[in-house]
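Right, one structure below, let's go through it.
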Amino acid sequence: MKKHIKTALIGATLAAAVSGAWAQDKAALIKQFIELQKPGVEALARGLVEESSLPIARAGAGYLQTQVPEAKREAAGKAADAELKKYFDDTYPLVRDKAVQLAPSALTPVMEQNFSEEEMRQLVAWVSSPVSKKYQELNPQLQNALTEKLVAETRASVEPKLRALDTNVAKALGAPTDGGAAKGNGGASSSSAAPKAPAKK
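The numbering of the sequence shown is this note's numbering, which starts it at 1368 and goes up by one.
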């Protein structure tokens, strides 16, 4: 009886040790995966910063096209683009560094819950492979290619809808729709056109 108990205890101890080793291996794999995802995390931060300035850029473009004399538009547009770039250059590093800092605590529980150790091995192997790296490097180019064609093909249909939306929202809010208020107070009116996006690095 004592022999059986001793054997059971040894087996339980070995099982716990193996389980602990697996857990450590899985944790190490998750950590490695998150480190490999750093470029993607930084790209996410870049997108958030760029998107945050879009409403201001669009409103500024509307004001530029409707309220600024044509002779002054080029200089004013360049000045506005410079401010947008300054905002990006100041803000992106802050958001990028915070995103990289938060990624482990945010992503680890999700990866831990949804992937086995073997799946993590396969995932890390794929992300580390030359084919995956080549795809990740090419992915922005693929997205840009689709975005450019999509914008070109839908611009004629979408811009009138945006202008109608601008007018209808102004009417709903009781705001002037002829640009008079913008002239009077220097405010910016929204528009579908926009200054160039903040310069990407």
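The beta carbon of each residue, even a glycine, is placed where N, CA and C say it ideally should be.
- Taking C-beta atoms as the reference points, residue 1431 and residue 1443 count as a pair closer than 8 Å.
- Counting only residues of its own chain and dropping the five nearest sequence neighbours on each side, residue 1403 has a CB closer than 6 Å to the CB of 1494.
- In this structure, residue 1459 lies near residue 1412, with their beta-carbon atoms less than 8 Å apart.
- In the three-state reduction of the DSSP assignment, residue 1491 falls in the helix class, which pools H, G and I.
- The straight-line gap separating the alpha-carbon atoms of residue 1461 and residue 1508 is approximately 26 Å.
- For residue 1467, the three-state secondary structure derived from DSSP is helix.
- When 1497, 1426, 1512 are compared, the shortest CA-CA separation from residue 1530 is found for 1426.
- Between residue 1455 and residue 1418 the beta-carbon gap is near 11 Å, outside 8 Å, which marks them as no contact.
- Classified as buried, residue 1420 has 16 or more neighbouring CB atoms from the shown chains inside 10 Å of its CB.
- The beta-carbon separation of residue 1487 and residue 1396, rounded to 4 Å, stays under the 8 Å limit for a contact.
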